[in-house]
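Presented below is the structure to which this report refers.
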Amino acid sequence: MTQPSSNRLKDTRTGPAPSLQPSNFTTTSEAYSRDVYRGLIGDGELDSFLSRADAYDYTRKRWILPLGSSSTELVHAVFDILQSIVRQFVRSEVPGVERRVYSTERTPGCDRKNEDGYRVSPILVVRAAGPSFEIPVPVGQHDDPKVSEVSSSAVGFTNMATYITLKTDSELANDVDILREMATYARYVLYEQPNRFYVRSLVLTAQHARLVHFDRAGAQITPPIDIHEDPRTFVRIVMGISSMNERLLGIDNSIQWTIINGRKESGTLTTTGPSGEPKTYPILEIVPTPRDAVRGRATTCWRVQDPDTYEEYVVKDAWRSENQAPEHELLELVRGLRGVVHMVSCETGRGETKDFRCPTTFGQYHNRIATRTTMKSYGKSVISFTSVLQLLYALRDGIAGHQRLGGDGLRIIHRDISHNNVLLGKEGAPEGDRGVLIDLDMAFRATDVEPYVRTNHNIGTRLYQSLSVLESIFLKEKSPAHTHIDDLESFFFLLLYILLSYRPDGTRLPSDAEGPSIAFRWGAGDPKEALRYKMLARDFGSVAGRCNTLICGSWGPACGALVKDFRWWLVERGDEAMELLRDNESASDENSEREGTGREKSNPLEPLLSVRGGHYATVLRMFDEAIEKVEAEAASPPPNVNSAPNLAVPSPQVRATNGPQSAAHCQPTTQEALTPMTAPTHFVSNLVTDSQPFDPPSDVGASGPPPPATPVEVAAHATPIPPALSAPPRRSARIRALNLQKTHQSLTSPARPLRSTNVPIFPPPQPTVQVRKSTRIQKRRLEEDADSSAPPPKARRIKKGPRATGRSR
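Going by the working numbering, the first residue of the sequence shown is number 182, and it counts up by one from there.
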């Protein structure tokens, strides 16, 4: 146990997600605009203010706004109106707590455009000081001792209560354009203020106003409000979105901050404790999470410490879909399983997005429910490993934990294996806990009523999704069941990604190196594009061979053998699955009877499920053998230092020469390297006056790990665009084509560099004759023998289990 730390609160996140496409928004009723803040102040007090306000002509019943004047004059006039309202009604008697209107019209750098074409900062903002806000820090200066020299009047998304944009009346009717611009700023406010439930802002013209609301279900916008005909509603809205009441601003006050010199130095979080009673924990760190878009789960994790025992926990806040099973129900079932996260407590009743919205729009959006779970704390993400053994231990125990999830009493499929959801165990953890599987948000539990769930390319992390999951883009409602084999394939892609993108000591390779260039393509936003690149890496051919060469040259023959055996095993399981699906389709052509729900009466992949124990035993044995070899090498280092694995990735012309085993598992199939592709970059900025651009990165449609560091500028490398796909063929024909593609891919000519020709890198059209499975496997083995300088060792195989005649679970 450690004593509480006095260090400043850590925020190690990397920046907000790309801009929201406002495809999910609702329009409120006209009455909602008048009612949402009606209780803040009475009509009599408002009339008294209007009669005395310099910015309002009480005789003509109009705000003093210039008509047909320049935009600068309009900004100044609106500024005066907002400032008069805030000064009169939004006041605090607590020292250090205030709200003040600011104009960024003349602030240097704020008129630059972001990638969406809008100003990097709203034209008008309400700056906040108080328990939940802090002055912004320029990019790269969060740990600078001179940070206290930043002006206390600086304005950024960290201390923005709300923001206002100005439009002409002709622009006010375009809801989508308004929401797209306002979402640009809402995204950063929600990112920089991680305990904020929602953000409300205002769009103004010389005649009208519209209140805009963003939460984790999307956006809502009011109809135009005539600010001259209804000045009371306008004043109430400005009071509400600038309020001293942080709950009214959408801030979760179960999290409290200690502000010193304008910065958050420490904080506390109050939630349900292990005994079921409320408990307040000191916050140690905001844990990095990848999902920072406006709409979605918005997972936020806090590392906290028990003030009594000093034990560390992780508190996870998220917004689940209303029709999704609560994660805490599954965590309760798996409590105590080795290799799986352990829940300490959960808190319910934290709110729903429907609570913050116009009641007449309910049912027009997907309602989300706030959840909070407290879990035991483990190590960092698996990509934070520092040695080969630590990586293999973590993945091995993570797979064993996954097996326990799917046991007969639980029957849980994870469905989101990724680097974020496999953690390193604590230092000195025993076997079984050296790697821990977390995050059951997307998990599915089979029941007798609902025995399986279909693959869905929208579920999971694109970089690690199995081929079958990606193929659901074609098959849709005819997609096969998502099985444990899909998750094991995700473990394979996770292993392969790490071995291609990192060195054995845990340092990242340059993003323009060959290995990362291959792996980054798997995270393409388009599932069809990701499928094509993944087929080249998982099945046997020149790209797969090149991957093995890179891995053996950097990580050694033990890891090369692991990848090759794992790949073989997955290809065989894929062949078995296709045969089962083909047989089922043939039977379906003869008898097309289905249940009313559209679900097939039985799962055609049931025979694979009946031998899942043998599947895990085989995969775990692969990892155990690799671990034994690495442990033996560590205990008895070779006398010739040149025979040790090189930490650098070899050039395409270098062949591995680490003995017979290396020759068998590490022989390259081509000497041509793939041209590097552009790696994603992360944007971190929260100071609107900072000289660095505010442009966020473009999204690839999935959350991936941070890109390897690069010593050179990689923006010059353009990402190749794969050839367009034709319309998907019939299911049976598509399965045959995929089967043939895997069969003949290794027999095609060597791959060319991606940028040396405009010829597609994918295999040419294949014959339409089905090759028997035994012949296909024989051809793969002959290909390996021809490419090896020494005979390969026998590949480990397991006998197929008996075909189940009925449901075995």
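A virtual CB, placed ideally from N, CA and C, is assigned to each residue, including glycine.
Buried or exposed for residue i, please, with buried defined as at least 16 other CB atoms from any protein chain shown within 10 angstroms of its CB.
i: Asp-622; result: buried
i: Ile-732; result: buried
i: Thr-349; result: exposed
i: Gly-277; result: exposed
i: Ala-768; result: exposed
i: Lys-657; result: exposed
i: Leu-248; result: exposed
i: Asn-602; result: buried
i: Asp-746; result: buried
i: Tyr-491; result: exposed
i: Asn-729; result: buried
Which value, in whole angstroms, describes the spacing of the CA atoms of residue i and residue j?
i: Lys-294; j: Thr-339; result: 20 Å
i: Gly-588; j: Tyr-218; result: 53 Å
i: Leu-265; j: Val-380; result: Here the sequence assigns Ser to residue 265, which means Leu is not the residue at that position. Between Ser-265 and Val-380, the C-alpha separation is close to 22 Å.
i: Gln-505; j: Glu-533; result: 13 Å
i: Val-800; j: Asn-784; result: 24 Å
i: Tyr-494; j: Phe-721; result: 44 Å
i: Glu-410; j: Tyr-299; result: 31 Å
i: Glu-760; j: His-663; result: 16 Å
i: Glu-315; j: Arg-268; result: 21 Å
i: Phe-672; j: Asn-205; result: 33 Å
i: Cys-539; j: Phe-378; result: 16 Å
i: Ala-499; j: Leu-347; result: 33 Å
i: Asp-693; j: Val-650; result: 28 Å
i: Glu-352; j: Leu-392; result: 15 Å
i: Gln-388; j: Leu-255; result: 11 Å
i: Gly-741; j: Arg-428; result: 55 Å
i: Val-275; j: Gln-437; result: 16 Å
i: Ile-345; j: Leu-385; result: 7 Å
i: Tyr-991; j: Pro-375; result: This structure cannot settle anything about residue 991, because the visible part of the chain is limited to 182 through 990.
i: Leu-162; j: Asn-637; result: Only positions 182 to 990 of the chain appear in the structure, and residue 162 is not among them; the question remains open.
Excluding the 5 residues preceding and the 5 following residue i in the sequence, name in chain order all residues of the same chain whose CB lies nearer than 7 Å to its CB.
i: Gly-696; result: Leu-681, Ser-682, Leu-690, Leu-731, Val-830
i: Gln-545; result: Thr-207
i: Phe-415; result: Ala-390, Ile-406, Ile-408
i: Lys-607; result: Tyr-559, Gly-560
i: Ile-679; result: Ile-564, Leu-572
i: His-583; result: His-595, Leu-618, Asp-668
i: Gly-477; result: Arg-397
i: Asp-238; result: Ile-245
i: Leu-712; result: Leu-648, Leu-651, Glu-652
Between the Cα of residue i and those of the options, spot the shortest distance and give me the residue it belongs to.
i: Arg-444; options: Tyr-462, Leu-786, Ser-334; result: Ser-334
i: Leu-383; options: Tyr-462, Asp-498, Val-259; result: Val-259
i: His-595; options: Thr-628, Tyr-366, Pro-685, Ile-640; result: Ile-640
i: Gly-337; options: Cys-291, Leu-676, Asp-235, Thr-642; result: Cys-291
i: Val-617; options: Pro-632, Ala-711, Tyr-633, His-600; result: His-600
i: Gly-448; options: Phe-673, Ser-671, Leu-591, Thr-461; result: Thr-461
i: Ala-798; options: Leu-786, Trp-750, Lys-810; result: Trp-750
i: Val-525; options: Thr-642, Pro-455, Tyr-372; result: Pro-455
i: Asp-489; options: Thr-480, Leu-651, Pro-463, Pro-507; result: Pro-463
i: Gln-486; options: Val-419, Lys-557, Glu-446; result: Lys-557
i: Pro-303; options: Val-357, Ala-354, Thr-365, Leu-353; result: Thr-365
i: Thr-439; options: Asn-548, Glu-226, Ile-418, Leu-465; result: Leu-465
i: Gly-609; options: Leu-570, Ile-598, Met-803; result: Leu-570
i: Tyr-369; options: Asp-358, Val-301, Arg-308; result: Val-301
i: Cys-422; options: Met-363, Gly-530, Ile-402, Val-307; result: Here residue 422 turns out to be Ile, not Cys, going by the sequence shown. Comparing Cα positions, the closest option is Val-307.
i: Pro-632; options: Ala-212, Leu-786, Gly-795, Arg-417; result: Leu-786
i: His-394; options: Ile-580, Tyr-213, Asp-805; result: Tyr-213
i: Arg-531; options: Arg-501, Phe-566, Thr-541; result: Arg-501
Here's a check: name, in chain order, each residue in its chain whose Cβ is nearer than 6 Å to the Cβ of residue i, leaving out the five neighbours to either side.
i: Ala-468; result: In the sequence under discussion, the amino acid at residue 468 is Val, which differs from the Ala named in the question. Only Cys-482, Arg-484 meet the Cβ criterion.
i: Arg-215; result: Thr-414
i: Arg-136; result: The question about residue 136 has no answer here: the residues shown for the chain are numbered 182 through 990.
i: His-509; result: Cys-527, Thr-554
i: Lys-535; result: Phe-543, Asn-548
Quick one: residues in its chain with C-beta nearer than 8 Å to the C-beta of residue i, no 5 flanking neighbours on either side, listed in chain order?
i: Met-425; result: Val-271, Arg-272, Ser-273, Val-278, Arg-280, Gly-311
i: Leu-591; result: Leu-514, Val-515, Arg-585, Arg-626
i: Ser-129; result: Residue 129 lies beyond the stretch modelled for the chain, which goes from 182 to 990, so this question has no answer here.
Report yes or no: is there a C-beta of chain E within less than 8 Å of the C-beta of residue i?
i: Arg-308; result: Protein chains in the displayed structure number just one, and chain E is not present.
At least 3 beta-carbon pairs within less than 8 Å: the region 241–259 vs the region 433–440: With a cut-off of 8 Å on Cβ pairs, the region 241–259 is not in contact with the region 433–440, counting fewer than three such pairs.
Given 8 Å, three or more beta-carbon pairs between the region 570–582 and the region 538–557: Counting Cβ pairs under 8 Å, fewer than three are found: no touch.
Contact the region 613–629 vs the region 510–518: 3+ CB pairs below 8 Å: As far as the Cβ criterion goes, the region 613–629 touches the region 510–518, which means the pair count is three or higher.
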